[in-house]
Amino acid sequence: MRPMPLSAFFILLLLSAGCSPTMVSFYDQDSRAQISRMSGNRLAGGLTSVELNGQRFDKGEGLTYSLIVVYAGPSFIGIGEGKTLVLVIDGLRLEVAGSGSGKNQATLSVGVIEEKAYYHDIDPDIIRMLAYATEVEVEIIGTRKTLNRHFKEKNFTNFREFYELHVKRGAGS
118 MRPMPLSAFF ILLLLSAGCS PTMVSFYDQD SRAQISRMSG NRLAGGLTSV ELNGQRFDKG
178 EGLTYSLIVV YAGPSFIGIG EGKTLVLVID GLRLEVAGSG SGKNQATLSV GVIEEKAYYH
238 DIDPDIIRML AYATEVEVEI IGTRKTLNRH FKEKNFTNFR EFYELHVKRG AGS
């Protein structure tokens, strides 16, 4: 049996790592807040990578929640400020306003860029709805392109885990 080439091994490693989201918690010195965040929650439908991750921000005087869109592809889509994230949760359309990706754009390698858009002050009920819905459609509106994605079962599982660990417990229920 011939051994697997090293490059094929790394591609398989990257693909398997990209499929399984993680939950991370850390203390941010600048904001003096405890942050708990999902990462790697890749959505279905499309060739380019789109993640929708949840975040909890705890400065002691109250919890706030955010959604973070992470896009990676061959060119920037230019996620602007305002209502650029549309969630259709079991038929209910929600337009979510954010700060855009202007300050969060990077070139990862030749032909691969990444941009992140943050949507702060999310009602915890929206995270609960994402976790326990039966169907979620996601639209990210960029200045150059609009992307449409949807949840698969793994996305619901990831949001349920995030909700149970970082939202429901944080609310004291």
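Under the numbering used here, think of the first position of the sequence shown as 118, with each following residue one higher.
Just so it is clear, CB atoms sit at the ideal spot from N, CA and C, and this is done for glycine as well.
Practice item. Can you tell me which of 200, 259, 197 and 275 puts its alpha carbon nearest to the alpha carbon of residue 159? Key: Start at 1 with the first residue of the sequence shown, and residue 159 comes out as number 42. Checking every option, the nearest Cα to that of residue 159 belongs to 275.
Check your understanding: What alpha helix (DSSP H) runs, 4 residues minimum, are completely inside the stretch 238 to 290?
Key -> 241 to 249 and 270 to 279
Point to revise | Nearest-angstrom Cβ-Cβ length linking residue 232 and residue 188, presumed shorter than 8 Å | key: As a first step, residue 232 must be located in the sequence shown, where it is residue number 115. As a first step, residue 188 must be located in the sequence shown, where it is residue number 71. 5 Å between Cβ atoms; contact.
Check your understanding: Run through DSSP, which three-state label would residue 220 get?
Key -> As a working note, residue 220 is residue 103 in the sequence shown. If DSSP states are grouped into helix, strand and coil, residue 220 belongs with coil.
**Study point:** Under the three-state DSSP convention, the category residue 176 falls into
**Key:** On the sequence shown, position 59 is the one that residue 176 refers to. DSSP places residue 176 in coil when its eight states are reduced to three.
Review point. Where do the N-terminal and C-terminal ends of the beta strand (DSSP E) with residue 145 fall, by residue?
Key: Translated into the one-based positions of the sequence shown, residue 145 becomes position 28. Counting along the chain, the beta strand (DSSP E) containing residue 145 begins and ends at 139 to 145.
Practice item. Pick helix, strand or coil for residue 165, following the three-state DSSP scheme. Key: What you label residue 165 is simply residue 48 of the sequence shown in a count that begins at 1. Coil, per DSSP.
Practice item. Compare the beta carbon distance of residue 176 and residue 218 with 8 Å and say whether it is the shorter of the two. Key: The count along the sequence shown starts at 1 and reaches residue 176 at position 59. The count along the sequence shown starts at 1 and reaches residue 218 at position 101. No, they are not a contact pair.
Exercise for review: Report yes if the CB atom of residue 215 is closer than 8 Å to the CB atom of residue 261, and no otherwise.
Suggested key: Here residue 215 refers to the residue found at position 98 when the sequence shown is read from its first residue. Here residue 261 refers to the residue found at position 144 when the sequence shown is read from its first residue. No, they are not a contact pair.
Point to revise | Cα-Cα separation, residue 248 to residue 285 | key: Looking up residue 248 in the sequence shown gives position 131. Looking up residue 285 in the sequence shown gives position 168. If I take the Cα positions, the gap works out to 11 Å.
Check your understanding: Going by alpha carbons, who is nearest to residue 291 out of 277, 190 and 153?
Key -> The structure shown does not extend to residue 291, since the chain spans only 118 to 290, so no value can be given for it.
Exercise for review: May I have the straight-line CA-CA distance separating residue 222 from residue 207, to the nearest angstrom?
Suggested key: As a first step, residue 222 must be located in the sequence shown, where it is residue number 105. As a first step, residue 207 must be located in the sequence shown, where it is residue number 90. Using only the alpha carbons, I get a separation of about 32 Å.
Point to revise | Cβ-heavy atom distance, residue 157 to the ligand NAP, below 7 Å | key: Absence of the ligand NAP from the depicted structure is noted, as is the absence of any ligand whatsoever, leaving it without description.
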